[in-house]
Amino acid sequence: MRIRASIAAVVIAPLAAVVGTVVMGGAQDKTLSIGVLGPLSGGAASYGVELVRGAEMKADEINKAGGLKVGADTYRIKLVSYDHKALAADAATAANKLVFQDKVKYIIGNAVGATCNAVQTVTEPEKVLFSFVCWGTNNLGPDKPHSFRVMLSQWEVAEPFYRWVKEKHPQIKRVAAISPNDTSGKDTNTAVVKALKALGFEVAADEYYERGTKDFYPILTKILAAKPDMLDVAAAPAGEGGLILKQARELGFKGAKGWTAGTNPFTIIGVAGKDAAEGVWSPANINVRSDFVSATVRRFGAEYEKRYNEVPGVIAVANYAAFDVITKAMQEARSLDTDKVLAALTQKPFETVWGRLVIGGKETYGIDRQFLYPVVISEVRDGKVVDIAQVLPTALKK
Amino acid sequence: MSIDLLVQALLNGFGLAMVYVLVALGLTLIFSILEIINFAHGEFYMLGGYVTYYVFAVFGVNYFATLGFAILAVGLAGVVAERLIFRYLRGKTLNAFIVSLGLLWVMQASAQLSFGVLDKPVPSAFSGIVRAFGLVISVERLVVSLSAIVLIAALYLFLRWSRPGRAMRAVAQDADAAALQGVDIELVSALGFGIGCALAGGAGGLLAPVFAVSPAMGALPVVKAFIIIIIGGMGSLPGAVVGGLLLGSVEGLGSLFMGSAAVNVLGFLVVILVLLVRPRGLFGGA
Chain A
4 MRIRASIAAV
14 VIAPLAAVVG
24 TVVMGGAQDK
34 TLSIGVLGPL
44 SGGAASYGVE
54 LVRGAEMKAD
64 EINKAGGLKV
74 GADTYRIKLV
84 SYDHKALAAD
94 AATAANKLVF
104 QDKVKYIIGN
114 AVGATCNAVQ
124 TVTEPEKVLF
134 SFVCWGTNNL
144 GPDKPHSFRV
154 MLSQWEVAEP
164 FYRWVKEKHP
174 QIKRVAAISP
184 NDTSGKDTNT
194 AVVKALKALG
204 FEVAADEYYE
214 RGTKDFYPIL
224 TKILAAKPDM
234 LDVAAAPAGE
244 GGLILKQARE
254 LGFKGAKGWT
264 AGTNPFTIIG
274 VAGKDAAEGV
284 WSPANINVRS
294 DFVSATVRRF
304 GAEYEKRYNE
314 VPGVIAVANY
324 AAFDVITKAM
334 QEARSLDTDK
344 VLAALTQKPF
354 ETVWGRLVIG
364 GKETYGIDRQ
374 FLYPVVISEV
384 RDGKVVDIAQ
394 VLPTALKK
Chain B
3 MSIDLLVQAL
13 LNGFGLAMVY
23 VLVALGLTLI
33 FSILEIINFA
43 HGEFYMLGGY
53 VTYYVFAVFG
63 VNYFATLGFA
73 ILAVGLAGVV
83 AERLIFRYLR
93 GKTLNAFIVS
103 LGLLWVMQAS
113 AQLSFGVLDK
123 PVPSAFSGIV
133 RAFGLVISVE
143 RLVVSLSAIV
153 LIAALYLFLR
163 WSRPGRAMRA
173 VAQDADAAAL
183 QGVDIELVSA
193 LGFGIGCALA
203 GGAGGLLAPV
213 FAVSPAMGAL
223 PVVKAFIIII
233 IGGMGSLPGA
243 VVGGLLLGSV
253 EGLGSLFMGS
263 AAVNVLGFLV
273 VILVLLVRPR
283 GLFGGA
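Just so you know, the protein sequences line up as chains A and B, in that order. As numbered in my numbering, residues 4 to 401 make up the first sequence, in order. As numbered in my numbering, residues 3 to 288 make up the second sequence, in order.
In structure tokens:
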């Protein structure tokens with residue numbers, strides 16, 4: 004069953020838009036419907052909620068400023084969002100609904116690798132421009148020219164993160180990685196294991212659990228028997244990653260802790276508790292209160308917190324930036340045609356909340372469709388998130 | 003593989019088995035009295051979790067007082083559900099199946115709208131771990147398991163010795179005969195449904211600090227509960243306890259040798275085996 008998410012001012016209007024662009028009269032009355040997908044319920048709901056909120060904040064900014072001016076026309080942005088519960092089948096259904104019923108030509112936001120693959124079976128043949136934060140390896144490629152990843156993935160993060168671990172914590176020799184048993188999890192553990200081996204670490208465990216698992220004692224007993232120096236809750240979402248850390252501590256684990264896909268350490272502190280989350284390193288995070296980030300990000304963070312009473316994680320910032328970049332590309336292209344927007348998008352860098360945004364990734368994916376920006380490593384200290392280092396993904400170094 | 007590891011795996015499996023037995027007992031009690039399978043049973047478990055979140059985590063009330071309140075509140079919600087919906091479906095298994103599925107979605111969607119979709123962490127009521135003979139268990143899980151055992155024992159004593167408990171057993175055996183003996187079927191039906199839901203609420207309250215609460219939290223325990231009662235036999239209290247322990251040990255040991263997806267299948271394999279050998283479950287009546 005699909006549940007239409009009604010979060011804050013996100014507008015869900017299943018019958019409203021006959022076409023993505025609906026001409027209803029004057030210049031100010033044109034509407035551009037943009038789709039947002041994500042898990043809005045279940046263990047990975049934090050991802051979807053942040054995606055929607057990031058999009059919502061940018062859409063509201065545009066609408067309050069009088070709309071999006073593209074060529075001679077001005078459009079009001081309308082968001083249409085659906086919950087796919089991190090299930091590929093539900094994601095395909097939602098994508099069909101967005102493309103064929105709601106007639107959207109842009110889907111800005113989706114998370115969880117397997118769902119992205121499902122959505123792409125609909126978006127690529129229809130030339131729908133699709134941006135996401137999914138971590139699947141095969142979500143980007145020359146055969147998927149309309150797809151972009153707007154957040155660093157495991158392939159950009161794992162190597163610089165573990166290079167930093169090796170340099171700063173040489174006593175760590177054996178690392179155990181645990182992820183959900185799906186595309187995102189497998190790809191993340193693969194990237195982590197590859198980085199570990201390349202850097203000379205021992206892989207103590209490479210384990211998977213089913214999404215929705217609550218009791219991690221059985222799998223942790225097996226992992227901790229391998230005596231790892233560090234436990235990486237690699238691709239686990241905050242709810243499940245927090246439980247893993249809490250239960251690992253209950254079982255006596257006192258080693259180092261990492262969260263390669265740690266998109267929002269504030270949330271994992273809430274679930275794991277202050278003590279169990281102490282010392283967790285997150286390289287995929289953004290701390291909107293940190294000195295490492297730009298004034299624009301800090302301002303975004305403050306507004307987000309005021310509006311939603313929560314601290315945004317990297318997914319909210321990434322989708323806000325994606326929305327910003329894609330709408331700017333529409334203006335550059337002076338058209339809503341996705342091929343023209345695609346051309347504008349890949350022609351030159353854009354100034355965003357990340358600073359000057361580089362779209363690269365050809366070395367890894369065979370096509371430049373990966374947003375690139377510096378990796379900031381944060382650590383949980385006494386219940387607070389503290390940024391401690393900044394490292395560059397290999398592709399960005401080049 | 004060391005003996006310590008095997009015993010630890012068994013301990014892990016047993017650790018929460020008694021809580022799932024509580025959920026299973028609620029299901030089987032309702033089935034015995036009303037002859038319906040309540041697919042929304044997990045949502046009453048979820049309600050118990052949220053009551054615990056608000057009373058214990060938000061308002062800071064003592065944990066055991068909160069647990070008692072959760073049991074009462076969810077039990078009352080069960081009585082209301084029985085009076086408004088399930089009393090009309092007594093004995094109509096198929097109709098009740100559809101209606102309870104609908105109730106499941108209504109309760110889950112209502113929880114999403116009311117409480118939000120994100121997990122709400124409940125602070126641990128008990129901290130620390132117990133180490134003995136190379137084994138480790140958290141104090142929290144120990145307390146949770148013991149509390150579940152106390153609740154199971156209380157249910158047993160209630161059903162065995164109290165007047166309403168005996169009336170429930172009479173209705174479960176033969177409702178018409180019980181009515182002829184002066185048992186108030188309406189009252190027993192409401193009470194049975196309420197107690198069944200209260201057990202689920204108690205389980206939700208017990209596991210809220212262990213796992214955090216969320217609108218979909220009822221799905222997993224209710225699946226385990228179904229496995230337990232099919233293994234143990236519908237309507238059998240000792241069967242549910244044995245079924246819970248069997249499931250816990252199979253899953254605990256299985257996790258040492260296979261991946262989590264395969265472990266989840268193990269429970270169903272046990273169900274198939276039991277059904278092949280004893281179609282009414284290990285302790286099911288003829």
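Think of the CB as a built atom: it goes at the ideal place given N, C-alpha and C, for glycine as much as any other residue. Quantities reported herein were computed from a predicted structural model and do not represent experimental measurements.
- Of A:141, A:388, A:54, the smallest CA-CA separation from residue 365 of chain A is found for A:141.
- Closest in C-alpha terms to residue 220 of chain A, from the list B:130, B:47, B:258, comes B:258.
- Secondary structure note for residue 86 of chain A: it is in no alpha helix (DSSP H), and the uninterrupted beta strand (DSSP E) holding it is 76 to 86.
- Residue 186 of chain A is outside the set of residues whose beta carbon lies under 9 Å from a beta carbon in chain B.
- Contact between residue 380 of chain A and residue 204 of chain A fails: their C-beta atoms lie close to 17 Å from each other, not under 8 Å.
- At a Cβ-Cβ threshold of 9 Å, residue 343 of chain A and residue 337 of chain A count as neighbours.
- Taking all protein chains shown into account, residue 223 of chain B has 16 or more neighbouring C-beta atoms within 10 Å of its C-beta and is therefore buried.
- For residue 166 of chain B, not one C-beta of chain A is nearer than 9 Å to its own C-beta.
- What residue 253 of chain B touches in chain A, judged by beta-carbon distance under 8 Å, is 221, going in chain order.
- Between residue 179 of chain B and residue 187 of chain B the beta-carbon gap is near 11 Å, outside 8 Å, which marks them as no contact.
- A straight line joining the alpha-carbon of residue 245 of chain B with that of residue 175 of chain B spans about 22 Å.
- Its Cα nearest to that of residue 145 of chain A, the residue A:367 stands out among A:393, A:395, A:367.
- For the segment 16 to 83 of chain B, the full-length alpha helix (DSSP H) segments reaching 4 residues or more read 19 to 36, 43 to 54 along the chain.
- Cβ atoms of residue 249 of chain A and residue 177 of chain A stay farther apart than 8 Å, at about 22 Å.
- Residue 122 of chain A sits buried, since 16 or more C-beta atoms from the chains shown fall within 10 Å of its C-beta.
- Taking all protein chains in view, the Cβ of residue 93 of chain B is surrounded by fewer than 16 other Cβ atoms within 10 Å, so the residue is classified as exposed.
- For a Cβ distance threshold of 8 Å, residue set 123, 125, 126 of chain B lies close to residue 276 of chain A, ordered along the chain.
- Around the Cβ of residue 126 of chain A, a 10 Å sphere holds 16 or more other Cβ atoms; the residue is buried.
- With respect to chain B, the C-beta atom of residue 49 of chain A has a partner C-beta closer than 9 Å.
- With respect to residue 244 of chain A, residue 226 of chain A sits apart: the two C-beta atoms are not nearer than 9 Å.
- Counting only Cβ-Cβ distances below 7 Å, residue 281 of chain B has no contacts in chain A at all, with the closest Cβ about 29 Å away.
- In the three-state scheme derived from DSSP, where H, G and I count as helix and E and B as strand, residue 167 of chain A is classed as helix.
- Listed along chain A are 253, 254, 255, each with a C-beta nearer than 8 Å to that of residue 131 of chain B.
- Taking the Cβ atoms as the reference, residue 370 of chain A lies roughly 28 Å from residue 82 of chain A, outside the contact range of under 8 Å.
- With respect to the 9 Å criterion, residue 120 of chain B and residue 216 of chain B are classified as neighbours on the basis of their beta carbons.
- The beta carbon of residue 75 of chain B sits closer than 6 Å to those of 53, all from its chain and outside the five residues before and after it, given in chain order.
- Collapsing the DSSP output to three states places residue 158 of chain B in a helix.
- The way I'd put it, the segment 267 to 287 of chain B does touch the segment 228 to 235 of chain B; three or more beta-carbon pairs between them come closer than 8 Å.
- Residues 161, 162, 165 of the same chain have their beta carbon placed closer than 6 Å to that of residue 198 of chain A, with the five preceding and five following residues left out of the count.
- Between residue 324 of chain A and residue 136 of chain A the beta-carbon gap is near 11 Å, outside 8 Å, which marks them as no contact.
- 9 Å or more divides the Cβ of residue 16 of chain B from the Cβ of residue 231 of chain B.
- Pairing residue 308 of chain A with residue 315 of chain A, the inter-Cα distance amounts to about 7 Å.
- In the structure shown, the three-state DSSP call for residue 109 of chain B is helix.
- Contacts with chain A at 9 Å (Cβ-Cβ) include residue 222 of chain B.
- Rounded to the nearest angstrom, the gap between the Cα atoms of residue 192 of chain A and residue 235 of chain A is 9 Å.
- Residues of chain B with a Cβ closer than 8 Å to the Cβ of residue 43 of chain A are, in chain order, 119.
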